[in-house]
Structure formats: structure tokens, C-alpha cells
Amino acid sequence: MINIEKPESDKMIDTHIHADARTGEDFEKMYLSGIDVAITCAYYPYIIDNDSILLNHLNRILNYDTKRASQHGLELKVALGIHPTNTSVEGNTIYEQLYKWIESEKIIAIGEIGLEDLTESEYRIFKEQLDIAQETKTNVIIHTPRKNKSEVLSEILDILPQHISPEYVVIDHINSNVIEQVISSDYTLGLTVQPEKMDKYEAVKILDEYGFDKFLLNSDISNKASDPLSVPKTIRELKKQNFNQKDIDKIAYKNCKKFFNL
Ligand SMILES: [Zn+2]
-9 MINIEKPESD KMIDTHIHAD ARTGEDFEKM YLSGIDVAIT CAYYPYIIDN DSILLNHLNR
51 ILNYDTKRAS QHGLELKVAL GIHPTNTSVE GNTIYEQLYK WIESEKIIAI GEIGLEDLTE
111 SEYRIFKEQL DIAQETKTNV IIHTPRKNKS EVLSEILDIL PQHISPEYVV IDHINSNVIE
171 QVISSDYTLG LTVQPEKMDK YEAVKILDEY GFDKFLLNSD ISNKASDPLS VPKTIRELKK
231 QNFNQKDIDK IAYKNCKKFF NL
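Take the sequence shown: its position 80, counted from the start at 1, is 70 in the numbering used here, and no numbers get skipped.
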């Protein structure tokens, strides 16, 4: 639960970050800019071919980065899983842990998971995690890549109905180029405002055109080019352009609270 005493309209959640790749100074800036909660996701930016090394990375996020962020006021919720970049692992040890973390409510979602280069192991590990999510009624945060986004998204859209109900799924990093592929689906959609992905004006334009109900907003700050303040900057831009406060609240935090049941 968010228990910071602030007027409802000032609350903000960054729905997808990689806290393990960022500094305490970033967390402080985010907190001071009005972000109360961020959801940190699993992604190790180098090839890991051993389950126990990947498990160590996941435990670090859960047990260490959450504490680091809270020292600066930022509350982290955690999503763990096998990112498509890390699908050189075998996976079984991680799946066992996912069941335990879900059971003990240590994680709020499996994520981020998905496809990147469409390798055989990516497909296998993606489907396995979707099945675990469906079985345990757990949300999934699904990554779509920078390159070949439309092609990979089509693959993901083919796979999802065979494994999971749409109510559990957020498909992330949606932009203007692919929005038409997903807007009429029942999936929740993530908008990532990030220097090399999408600027705040493109996000505002998408929200203006397609409405605020289906979307979550995030910075996806990682070891790549990032802006820890992209969520507050987008929210302030919406205010500046005089969007309805009820709509702004949806994208600032209400949609996220509802989807993840926070
Ligand atoms: Zn990410």
C-alpha cells in the first residue's frame, strides 16, 4: 500500500525501472520529484549461462536494491523472471524460485520477460514463465525490443492467447509505430519515455489519441541511456497542456495500482 500522506492527485508511480543499474542519487531525484513507488524488473545486461548466477542477480534486486532505494525514500515493488537477454540459462532453478516468491508475495509480477532475437531458448523460457503466471494468477510484464519491434510483437501476440489471460498482461515499450497492433486488444500497455525510445511529447500524443485507460507509464531506467525523471516530466507536461486531472491520475498511478493490485 502507498501510505505517504499526500493529496491523491500528487501521487506518481514509475511502472518499470532497473534499480540495480542506478545510483542512490537517481532514487533521491525521483523521490523529490514526486515518485513514491517504482516497479523494478529483472534484466542482467550480459550473457549468463548458469542458473545460480542469474539467481544471485535476482536475489540482489529483491534483498539489496529495495533497501538502497528505500534509504532515499523510494519504495520499490519487485518483478522477477528471466529476461530474453538472459535466456542462455537452463531455467528450472529460477522457475522453482518464482513459485516461492509468488507464494510469499515477495514479487508483484513475473518480469520482465518476452522475446528479443526470436531464438529457440527465448521462446521456450517465455512460454514456461507465461504458464507459471497463468497457473499462479500472477501478472507479467512483457518486454518488446527496440529493433524489429513490430515483428517481435506479432510473435508475442500469437503466443499469449495460448498461455495466459489478458487480464494478467502488460505489454511494455509500446510506441506510435506499433500501437495499432495492440490498441484493440484487452492487454494493458506500457509507455516508456526514454531518451532513445520515446519522448514525452510522443507519449502525450498517444494518450490524447487513444485515451488514458489502457496505459501505464515508465522510464525503464537501466544501464542504457535513461532519464530517471521521465515520468514526472510527462505528468507535468500533461498538466501544462491542461489535460483532465482524472485522466492524469490514471496514468500517474491509478491504472498501475489497479493492475498490480497495490
Ligand atoms: Zn526494462
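Just so you know, even glycine gets a beta-carbon here, dropped at the ideal spot from N, CA and C.
Assigned with DSSP and collapsed to three states, residue 160 falls in strand.
Shortest gap from the CB of residue 212 to any heavy atom of ligand 1: under 7 Å.
Going by C-alpha positions, residue 245 is about 30 Å away from residue 77.
A contact is defined here as three or more CB-CB pairs under 8 Å, and the region 44 to 64 fails this definition with respect to the region 115 to 123. Here the distance from the Cβ of residue 31 to the nearest heavy atom of ligand 1 is below 7 Å. Annotated three-state conformation of residue 152 is helix, per DSSP. Put simply, of 207, 95, 56 and 249 the residue whose alpha carbon is nearest the alpha carbon of residue 157 is 249.
Every alpha helix (DSSP H) stretch that sits fully inside the region 207 to 242 and reaches 4 residues is listed by chain position as 220 to 230 and 235 to 239. If you check the CB distance, residue 102 and residue 69 come in under 8 Å. In this structure residue 221 is not in contact with residue 206, their Cβ atoms being roughly 10 Å apart against a cut-off of 8 Å. Beta-bridge partners assigned by DSSP to residue 65: 27.
Under the Cβ criterion (8 Å, minimum of three pairs), the region 117 to 135 counts as touching the region 84 to 91. At least one heavy atom of ligand 1 is found less than 7 Å from the C-beta of residue 6.
In this structure, residue 187 sits away from residue 153, with a CB-CB distance that is not shorter than 8 Å. At the C-beta level, residue 44 and residue 38 come within 8 Å of one another. In the structure shown, residue 76 adopts helical secondary structure according to DSSP, grouped into three states. With a cutoff of 7 Å, residue 102 counts as near ligand 1, since its C-beta is closer than that to a heavy atom of the ligand. Rounded to whole angstroms, the separation of the alpha carbons of residue 135 and residue 247 is 25 Å. With distances taken between CA atoms, residue 21 lies nearest to 66 out of 66, 216 and 52. When DSSP states are grouped into helix, strand and coil, residue 8 belongs to the coil group. In this structure the region 164 to 182 lies against the region 127 to 143, because at least three pairs of beta carbons, one per stretch, are closer than 8 Å. The criterion of a C-beta distance shorter than 8 Å is satisfied by residue 29 and residue 6. The C-alpha of residue 225 lies about 7 Å from the C-alpha of residue 242.
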